[in-house]
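Since the structure comes first, as structure tokens, the remarks are kept for the end.
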Amino acid sequence: MPPVSTIPQVYFLPIGMSGASISQSFKSELQMKLLVSKKKIKMDIPIPFFILFTCLDLSENRRGVIIQTIGESMRSNILDSMKNIVILNSLAVKLINYMKVFFLASLVLLSSFISHAQVKKSSTLNSSNQGFLIKGKINGVSNSDIYLAHYFGSTQQVIKDTALADTQGNFVFKGKENLPQGLYLISFLKNKYLDIIIGNTQFSFETDTLDPINHMKFQNSVENEAFFAFQKEMGKRYSELRNIELAKKDVNQIATLRKEILQYQQTWFEKNKQLFVSKLVKATFEPEIPPFKKKVSSAKDSTELYQYQFSYFKKHYFDNLDLNDARFIRTPFLQRKLDKYFEDLVVQQPDSIIKDADLLLTKIKNSEVRRYVIYKISSTYETSNIVGTDAAFAHMGEKYYVGEPALWDTVTVRQMRDRINVLKPLLIGKRLPELFLTDASGKRVTTSSIPGEYTIVFFYDPECSHCREETPKLMAQVDYFKSKNISVLATSIARNKKQWTDFIKEFKMESVYNGIDIHPNPKTGKDEYYTDFIKKFDIYSTPIIYILDKNKRIIGKKIPTDKIQDFISFYENRQKELGIK
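Numbering follows full-length UniProt numbering, in which position 81 of the sequence shown is assigned residue number 81; successive positions increment by one, without gaps.
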């Protein structure tokens, strides 16, 4: 462990995300309506960079090894973007080694958010800059590192200080700058931690490793005294309730105890209503739905009941969380609320996402919270595997980054504008920009010249291992394509004619349209290239598939090769439902 003076300001503690859980969270690139694949995808599909923020070993050597695995050509750019953010562990290295190329927009968004928040002092810093002095004693800890970190959402924590406990478990966190207020954790003995509230930053506490919550004592911290009193009492009462329920005792006794718990909560809230801890605990409660006034006696009534309950719950979902209190950025609860809201309560269609995001942001005036919520929604839909939701990302970028430049640094605004300019022509419903290619005989091939009810545009790189896995899956569907009047246009993004022709022969691709962006100029005798695949078609990894209708409008993109038939069936059924021929 390096001395405290050499530790950068921002680190990320382990978030406990295994490779399996990451692959499970990226179930499929095709998630339209109920068509969701449960197959775990391969790791060489682009992984959003911000989910890899895990850091335990803080040594410079470890960071150097990690960056070296990315590649010399990208190292300086990444380090520049990272600034003082230390990231990654062995899992991240494994993921990065699978990726041929990847997009750093998510990293830029997060880096911008954090650095901008550091430059603009938090509105929830203590009014007088006395610095912080937190004295602790944890009986049972000896000669061990102790970390003080605040939450940044529900999956990341930012270390603000480290200390070494002496043989008696005594340690001190101390700094000249005030700590931003919020919910912090104290991490000790590698796998133990305590949540504490930072408001007043001059206090002390004592506890032990056997029962840290019930044995906790604070001095000069009203917030934490109330916080731990609540935890102790609720823990005791819920333990009693569980014992009664397990013993299957009198239901009246259970009802009585539940009523006592509710009364205690109400009394505690009233007593501590001026404290942040009261807001914090209240934020964990979901809205209570008033009784449905109509008697339910038919299927129609049941539908109305469900619609009433869902509508009320969604409308009042954020009632118990103060959306204009920036301290909630440094708790897990704001992110959890946002995740549940947009995953479970918002229809995953661009129009619905945009409408609900705009409505939510009308309620948020605090600039810190506003930045955080914009960032969360934007990054969610930039990396979403649901077809078409990148339109929501484009909307967020255009309206809230480019449209509200005062919230962001100029680099972020410029990069967001550039990103939107790439994405907007490639949104669902847009006509795919024309491809100008040359086939093996030297003839011109364009997207618009390809016949068929549908066109599959398959971008690949002959040296890409994943392309070599997916191309046989594509070619195995040739009979299906013919039966549905589907044409395939395959193009290599690498401008190497021999690699391209060898690839065509190896995978027997002569039955589909093939083209490459190499155009001999008869006047100069030199080859010319027309297409910037990254800027024009957003090709940051390969293979990438676009599916076009007969008018060459984009109806699907980044569809897994083995999901093409499912997608076409879904699309045609949806068109029938809408009465579109």
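We treat Cβ as the ideally placed atom computed from N, Cα and C, and that holds for glycine. Since this is a predicted model, take the numbers as computed values, not measurements.
Pick out whichever of the options has its Cα sitting closest to the Cα of residue i.
i, options, result
"residue 419", "406, 378, 387", "378"
"residue 167", "326, 404, 139, 275", "139"
"residue 460", "552, 486, 537", "537"
"residue 547", "222, 524, 370, 447", "447"
"residue 241", "397, 315, 259", "259"
"residue 392", "286, 354, 530, 266", "354"
"residue 218", "197, 237, 234", "197"
"residue 520", "529, 513, 512", "529"
"residue 310", "293, 344, 245", "344"
"residue 265", "230, 326, 332, 256", "230"
Flag this pair as yes or no: are the beta carbons of residue i and residue j separated by less than 9 Å?
i, j, result
"residue 195", "residue 185", "yes"
"residue 438", "residue 518", "yes"
"residue 428", "residue 543", "no"
"residue 283", "residue 328", "yes"
"residue 445", "residue 489", "yes"
"residue 457", "residue 545", "yes"
"residue 335", "residue 155", "yes"
"residue 251", "residue 323", "no"
"residue 555", "residue 454", "yes"
"residue 276", "residue 320", "no"
"residue 173", "residue 136", "yes"
"residue 318", "residue 337", "yes"
"residue 493", "residue 533", "yes"
"residue 161", "residue 188", "no"
Since residue i sits in a beta bridge, which residues does DSSP pair it with?
i, result
"residue 528", "519"
"residue 156", "152"
"residue 208", "139"
"residue 163", "146"
"residue 172", "135"
"residue 514", "490"
"residue 193", "187"
"residue 547", "456, 556"
"residue 198", "182"
"residue 218", "205"
Return the CA-CA distance between residue i and residue j, expressed in angstroms with no decimal places.
i, j, result
"residue 330", "residue 440", "58 Å"
"residue 570", "residue 401", "34 Å"
"residue 26", "residue 380", "Because the pLDDT of residue 26 is 29, which lies under 50, any placement of that residue in the model is unreliable, and the number read from its coordinates should be weighed accordingly. Each residue's Cα considered, the two are about 12 Å apart."
"residue 526", "residue 150", "59 Å"
"residue 373", "residue 362", "12 Å"
"residue 42", "residue 279", "The pLDDT assigned to residue 42 is 29, lower than 50, so where the model puts this residue is not dependable; a value taken from the coordinates is nonetheless given after this. Between residue 42 and residue 279, the C-alpha separation is close to 42 Å."
"residue 408", "residue 158", "21 Å"
"residue 435", "residue 565", "24 Å"
"residue 269", "residue 179", "26 Å"
"residue 573", "residue 579", "10 Å"
"residue 551", "residue 577", "20 Å"
"residue 462", "residue 152", "41 Å"
"residue 100", "residue 486", "Because the pLDDT at residue 100 is just 29, under 50, the model does not fix this residue reliably, and the value given afterwards should be weighed accordingly. Looking at the two C-alpha atoms, the distance is approximately 29 Å."
"residue 406", "residue 204", "39 Å"
"residue 472", "residue 415", "37 Å"
"residue 376", "residue 147", "26 Å"
"residue 107", "residue 348", "For residue 107, the predicted structure reports a pLDDT of 43, less than 50, and the residue's modelled location is therefore unreliable. A value from the coordinates is still provided. So the two alpha carbons sit approximately 24 Å from each other."
"residue 176", "residue 263", "42 Å"
"residue 561", "residue 469", "10 Å"
"residue 477", "residue 496", "27 Å"
"residue 385", "residue 346", "16 Å"
"residue 303", "residue 313", "15 Å"
"residue 316", "residue 290", "11 Å"
"residue 35", "residue 352", "With a pLDDT of 28 at residue 35, under the threshold of 50, the predicted position of this residue should be treated as unreliable, though the coordinate-derived value follows. When rounded, the distance between both Cα atoms is 19 Å."
"residue 96", "residue 540", "For residue 96, the predicted model reports a pLDDT of 30, less than 50, meaning its position is unreliable; a value from the coordinates is still stated below. Rounded to the nearest angstrom, the two C-alpha atoms are 14 Å apart."
"residue 281", "residue 247", "30 Å"
"residue 590", "residue 442", "Nothing can be reported for residue 590: it is not among the residues displayed for the chain, which extend from 1 to 581."
"residue 274", "residue 300", "45 Å"
"residue 220", "residue 227", "13 Å"
"residue 507", "residue 423", "31 Å"
"residue 165", "residue 192", "14 Å"
"residue 254", "residue 267", "20 Å"
"residue 207", "residue 243", "27 Å"
"residue 563", "residue 412", "35 Å"
"residue 575", "residue 410", "43 Å"
"residue 47", "residue 383", "Since pLDDT at residue 47 reaches only 27, below the 50 mark, its modelled position is unreliable, and the value read off the structure follows with that caveat. Taking the straight line from one Cα to the other gives about 8 Å."
"residue 394", "residue 523", "42 Å"
"residue 483", "residue 512", "14 Å"
*Any chance you could list the alpha helix (DSSP H) runs of at least 4 consecutive residues sitting entirely within the region 413-500, in chain order?*
465-475, 478-483
_alpha helix (DSSP H) runs contained entirely in the region 292-369, provided each spans 4 or more residues_ = 299-315, 333-340, 350-362
*Pick out the complete alpha helix (DSSP H) segments inside the region 250-276, 4 residues or longer, and give them in chain order.*
251-271
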